[in-house]
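In full-length UniProt numbering, the protein residues as written are 1 to 153.
Take a look at the structure:
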């Protein structure tokens, strides 16, 4: 005998589902892995993961690094950047409440080594470092936090 109940997804679950579908539908096309400004070919196999952190992750990485450089020297300009290692990922998943059998990524972080050239104060410098990026509440699109970014050289 099949028992039918009126219970379904909660309003919060429905809102999360709608937000997720809208995000996936409105996703911009993938960025090219290399341009005159950046060479992120080593990151291209992780592009779908990077899009959980930003719709246009390569653009975000370049803007974030240039912003960090300008905090140190206001006239800094990122000339080019290249990933020199494959990204390393750490993820945390949670069991979905609906059935307990499905897991969803709730937090993630990644890091990759880079080399860049920056101009400022009439000079051009070559810098190397590790770029790290983390995001939280990824399993709840309506509550998703802006990812934290940090570049070290």
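Cβ atoms here follow ideal geometry from the backbone N, Cα and C, with glycine treated the same way.
None of the values given here were measured: they were computed from a predicted structure.
Separation of residue j from residue i, as counted between CA atoms
i, j, result
"residue 85", "residue 113", "5 angstroms"
"residue 54", "residue 111", "15 angstroms"
"residue 173", "residue 108", "No answer is possible for residue 173: the residues shown for the chain start at 1 and end at 153."
"residue 29", "residue 57", "11 angstroms"
"residue 3", "residue 136", "Only weak support is given to the placement of residue 3: the predicted model assigns it a pLDDT of 44, under 50, and the question is left unresolved by the model."
"residue 101", "residue 32", "36 angstroms"
"residue 89", "residue 134", "10 angstroms"
"residue 131", "residue 87", "9 angstroms"
"residue 5", "residue 95", "For residue 5, the pLDDT reaches just 49, beneath the cut-off of 50, and the residue's location in the model is therefore unreliable, leaving the point undetermined."
"residue 48", "residue 72", "32 angstroms"
Residue nearest to residue i in terms of C-alpha spacing, selected from the options
i, options, result
"residue 128", "136, 134, 118, 135", "118"
"residue 124", "95, 50, 49, 80", "80"
"residue 37", "61, 71, 121", "61"
"residue 78", "53, 54, 115, 51", "115"
"residue 74", "31, 136, 30, 120", "120"
"residue 122", "91, 90, 76", "76"
"residue 35", "82, 87, 47", "82"
"residue 59", "39, 95, 126", "39"
N-terminal and C-terminal residue of the alpha helix (DSSP H) that residue i is part of
i, result
"residue 127", "Element bounds for residue 127: not the alpha helix (DSSP H) but the beta strand (DSSP E), 123 to 135."
"residue 70", "57 to 72"
"residue 50", "47 to 50"
Extent of the continuous beta strand (DSSP E) to which residue i belongs
i, result
"residue 82", "77 to 83"
Those residues which DSSP pairs with residue i across a bridge
i, result
"residue 110", "89, 133"
"residue 44", "Bridge partners of residue 44: none, in fact."
"residue 116", "81, 127"
"residue 34", "39"
Mind the definition here: the region 42 to 52 touches the region 62 to 73 only if three or more C-beta pairs lie below 8 angstroms; say whether that holds. no
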